[in-house]
Amino acid sequence: MPPSDLTPYATCLIVSIFSAALCQTNCPATCLCHLDQIPSTVMCAGQGLDEFPRNMSDLITRLDLSGNAVTRIPGDEISRLVELEILNLARNRITSFPDGVSPLKSLRELDLSGNVIKGTAEIRSLGQLPSLKVLYLSRNPLSELDGLISGSLEALDAGQCGIRVLSNSSLDGLPRLTTLILVGNPLTTIHDTWSPKLKRLDVSDCQLNYLGPDTFYGFPELDELLLSNNPTLVYSTRNSTLTHPKLRKLDASRCNLDRPGLHGFPSLTHARLTRNAIRILPDRIFARNRQLGFLYLNGNRLETLTASTFEGLVKLQTLDLSANNLEEIHPYTFHENIELKTLNLSYNAFYELPKLTTAAITLDASSNLINRLNENLFANMPRLKSIDLSDNRIQKIPLGLKSTTLRNFDLRANRIVELANDTFLQLTQLRSIDISGNRLTEMADPEIFRNNPYLDIVYLEDNPWHCDCDKMFFMYNYLTEPPKIFKQILICQSPSNVSGYSWLIACFDEWHKPIDYNKDRSWGFAMIVILSLIVLFGSFVSIRHMIKIRRRATEQRRRLENLSLLRQTRNQAQVTIQEIVEHRPEPRINPLELIEPPSYEEAVQMPRLTQSLDDLDNISTRTCSVVGSVDNIRNKKQRRGRRTKRILSENDLLRREERRQERLRRERNNSVDNNETSLPSSQRNSRVYATRRTRRQSVISDSVESGSGRIRGKPQTPSTRKRRRKSTVYTDNDSTDDEYSKIVDLRKWIKELPEEPRSRFGKSTMESDFSTD
Numbered sequence: 002m003p004p005s006d007l008t009p010y011a012t013c014l015i016v017s018i019f020s021a022a023l024c025q026t027n028c029p030a031t032c033l034c035h036l037d038q039i040p041s042t043v044m045c046a047g048q049g050l051d052e053f054p055r056n057m058s059d060l061i062t063r064l065d066l067s068g069n070a071v072t073r074i075p076g077d078e079i080s081r082l083v084e085l086e087i088l089n090l091a092r093n094r095i096t097s098f099p100d101g102v103s104p105l106k107s108l109r110e111l112d113l114s115g116n117v118i119k120g121t122a123e124i125r126s127l128g129q130l131p132s133l134k135v136l137y138l139s140r141n142p143l144s145e146l147d148g149l150i151s152g153s154l155e156a157l158d159a160g161q162c163g164i165r166v167l168s169n170s171s172l173d174g175l176p177r178l179t180t181l182i183l184v185g186n187p188l189t190t191i192h193d194t195w196s197p198k199l200k201r202l203d204v205s206d207c208q209l210n211y212l213g214p215d216t217f218y219g220f221p222e223l224d225e226l227l228l229s230n231n232p233t234l235v236y237s238t239r240n241s242t243l244t245h246p247k248l249r250k251l252d253a254s255r256c257n258l259d260r261p262g263l264h265g266f267p268s269l270t271h272a273r274l275t276r277n278a279i280r281i282l283p284d285r286i287f288a289r290n291r292q293l294g295f296l297y298l299n300g301n302r303l304e305t306l307t308a309s310t311f312e313g314l315v316k317l318q319t320l321d322l323s324a325n326n327l328e329e330i331h332p333y334t335f336h337e338n339i340e341l342k343t344l345n346l347s348y349n350a351f352y353e354l355p356k357l358t359t360a361a362i363t364l365d366a367s368s369n370l371i372n373r374l375n376e377n378l379f380a381n382m383p384r385l386k387s388i389d390l391s392d393n394r395i396q397k398i399p400l401g402l403k404s405t406t407l408r409n410f411d412l413r414a415n416r417i418v419e420l421a422n423d424t425f426l427q428l429t430q431l432r433s434i435d436i437s438g439n440r441l442t443e444m445a446d447p448e449i450f451r452n453n454p455y456l457d458i459v460y461l462e463d464n465p466w467h468c469d470c471d472k473m474f475f476m477y478n479y480l481t482e483p484p485k486i487f488k489q490i491l492i493c494q495s496p497s498n499v500s501g502y503s504w505l506i507a508c509f510d511e512w513h514k515p516i517d518y519n520k521d522r523s524w525g526f527a528m529i530v531i532l533s534l535i536v537l538f539g540s541f542v543s544i545r546h547m548i549k550i551r552r553r554a555t556e557q558r559r560r561l562e563n564l565s566l567l568r569q570t571r572n573q574a575q576v577t578i579q580e581i582v583e584h585r586p587e588p589r590i591n592p593l594e595l596i597e598p599p600s601y602e603e604a605v606q607m608p609r610l611t612q613s614l615d616d617l618d619n620i621s622t623r624t625c626s627v628v629g630s631v632d633n634i635r636n637k638k639q640r641r642g643r644r645t646k647r648i649l650s651e652n653d654l655l656r657r658e659e660r661r662q663e664r665l666r667r668e669r670n671n672s673v674d675n676n677e678t679s680l681p682s683s684q685r686n687s688r689v690y691a692t693r694r695t696r697r698q699s700v701i702s703d704s705v706e707s708g709s710g711r712i713r714g715k716p717q718t719p720s721t722r723k724r725r726r727k728s729t730v731y732t733d734n735d736s737t738d739d740e741y742s743k744i745v746d747l748r749k750w751i752k753e754l755p756e757e758p759r760s761r762f763g764k765s766t767m768e769s770d771f772s773t774d
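Its first residue numbered 2, the sequence shown is counted upward by one per residue in my numbering.
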């Protein structure tokens, strides 16, 4: 956008900002200003102002100064408010409206009601307002409207003033007036008044006496005429009546009329003639009002209606005949009103409601004296949906009531004492029924509503119920399952122990729990199923967990038993090995270990020599049985010869044997107790072999020290021939005997035992202990 085009916008912006600031500063101190809103408003109502506020912004559109004590409106101040649209000066002390108000070109509504304006001359300047549409002059001491000039005024409220006459020139200065309200004036005469565009005239609460047939000819566009509460009004006689070709709405209630007098209004659609003195409606009295759709005749003195009373009202939709003295109605009174929707016959004196023929949708016959109903009451009411028979004297509902359209049935405040099972059988579309305020004591079975599937509103309160809980349970259950709209205050009157209590409290102990069960049946069943599944699942998990615990305990107990058995076996084996080691007899003496000639016992234990004495260094004994050989005989002779020498060396042998035993015991204790558990099996075996070799060498050294240069072998005895011959080979590193074989067998047996559990114990040390022996 070029710079030249920005100048107007910038100027407007600056002006608007400056104007807003100016308006903010020019707001009266006691007023409430909304100058930043649309529309901008200044509220000064009821602030006790005695003069018009000065220096107000000229941007305000609404100004409210009502309820103050302003007496004068300065012309220069009011003329500055060029944007003013609504000005409220009601309930002040203004006597006139100033001149020079032509700048108020936007003012369209002016309220001067409740002031002290005495004549139209004081407000002649209103003609300078080119946009004024609505003017309020009510409660001013005006005596006439002559001289009031405004070329734009459309609605004038001059009610409760002092106007007595509407002359032919009263409205000459208001050519565009469409609404004139003169309520509460002492108006008595309307004479040749002219207003070409007037559509609505309200002269209620006046003092009108007589209106001739041409009274409103000067109002050719009159559409609505309000004449209510003119107690001396007469506008229709036998010879003439008030007429108007375009009048559509007439309100002549509370005018003490003795006849409707509507035949002079052919275009009438709404006629309100309530609270008059009409006693008779002649036949076809509304025949000329074929456009009439709403007719209110309530509060009159009508006694009878003939079959042709409402003939010709083919467009009638609402007919109110309430609060009359009607006792009889011909069945065909409303048969021509084919558009009738609402028929009100309440507050009359009917003893029996006739079998009417009508197209009405709603029928109100309440507050009558009806004591019985015709069983064919709804036969000729094909469109009836709602009927109100409350506040009557009905004692029994006939069984033949039939309607395929009836939805609402109101029977409250009657004298019904019982309900038959087929009372509502043929009312298939019934949705609401009110039987409250009757004389029902025994509640019928809910089967009476078996053919009413749409029934959802049932009122049964205010009846003298005899609370038999067993019988009432089914009806209470019907009202609550599914829930229907009903008043909860269902009071018991008998028996005396529950009098004054509600149904629910009186029968709480007997059927409260079943009701709760019925209400929560599905939820209760679901909860039971869920709880059962939870219990079963918990039981299954618990049993499974218990089985696992027992199995684990059994395995642990078995392991402990095995461990205990292993410990006992190990201890027994250790004890046995210790005993075997400690009490193990000395191994058989090898001939190489002998220093002196053997004793007889040693000779018996020695194997037989199979070779000559010259080869004793490499001895190899084998079991052989040679009885009576030369060698044997020679050995015997030698033994006899040496016996004496052996006795001499016996003491020496004993001493050497004791030293040898002491040395062997010391070495065995050192090798077995200290190093046996810490060394592996191979080292322990080598240790044992080394010990044995040391022992043999020590024996040989002892024999050398003793001076015996010859090692003698042990001769065989005759008892050895009877034994089983065995072949034994003695070397420096090996020796066999029965005790050693027993130790080896015991060691193998221990190895075959099962191992201890790895979780708590390491590898069994018993096996390692035995492997070194």
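Even for Gly, the Cβ is constructed at its ideal location relative to N, Cα and C.
Range covered by the alpha helix (DSSP H) that runs through residue i
i	result
D435	No alpha helix (DSSP H) holds D435; the beta strand (DSSP E) holding it covers 433-435.
A507	504-507
L480	470-481
E78	76-79
Nonlocal neighbours in the same chain, by C-beta distance under 7 Å from residue i, ignoring five residues either side
i	result
Q329	The amino acid occupying residue 329 in the given sequence is Glu; Gln does not appear at that position. Answer for E329: T305, listed in chain order.
D457	R432, K485, I486
E84	D59, L60, I61, T62, S107
F475	D446, P447
L480	V459, F487
Close beta carbons around residue i, own chain, < 6 Å, minus the five adjacent residues each side
i	result
N186	C162, I164, C207
K386	I362, T406, R408
A156	V135, T180
Same chain, Cβ closer than 8 Å to residue i, neighbours up to 5 away in sequence not counted
i	result
L412	L390, S391, I395, I398, I434, D435, I436, N439
L133	L108, R109, E110, L111, L127, S151, S153, L154
A380	K356, K403
L420	I398, I436, L441, A445, I449
L90	L66, S67, V71, I74, L111, D112, L113, N116
Any non-hydrogen atom of the ligand PLP closer than 7 Å to residue i Cβ
i	result
L130	Annotation note on the ligand PLP: not contained in the displayed structure, which lists no ligands.
Residue i (DSSP reduced to helix, strand or coil)
i	result
A527	helix
D389	strand
L655	helix
R559	helix
A574	helix
S1	Absent from the model: residue 1. The displayed extent of the chain is 2 to 774, so no value can be given.
H546	helix
N671	helix
E353	strand
L175	coil
Straight-line gap, residue i to residue j (C-alpha atoms, nearest Å)
i	j	result
S368	G525	49 Å
T238	N393	39 Å
S537	E562	Position check: residue 537 holds Leu in this sequence, whereas Ser was assumed. Approximately 37 Å between the Cα atoms of the pair.
D193	V184	19 Å
C256	N326	19 Å
A288	P246	16 Å
R276	N415	28 Å
P465	L491	9 Å
L234	D252	12 Å
L143	S168	15 Å
A507	I281	56 Å
T31	S323	54 Å
R560	S540	29 Å
Extent of the continuous beta strand (DSSP E) run through residue i
i	result
A360	Careful: A360 lies outside any beta strand (DSSP E) and carries neither H nor E.
I395	Note, I395: premise wrong, no beta strand (DSSP E); not H, not E.
F410	409-411
S495	493-495
D65	63-65
A156	156-158
R273	271-273
D321	319-321
C162	Taken as a continuous stretch (DSSP letters only), C162 belongs to no beta strand (DSSP E), as it is neither H nor E.
Next item on the list: Decide if the region 246-264 is in contact with the region 304-321; the criterion is three or more beta carbon pairs, one per stretch, under 8 Å apart.
Entry: A contact is defined here as three or more CB-CB pairs under 8 Å, and the region 246-264 fails this definition with respect to the region 304-321.
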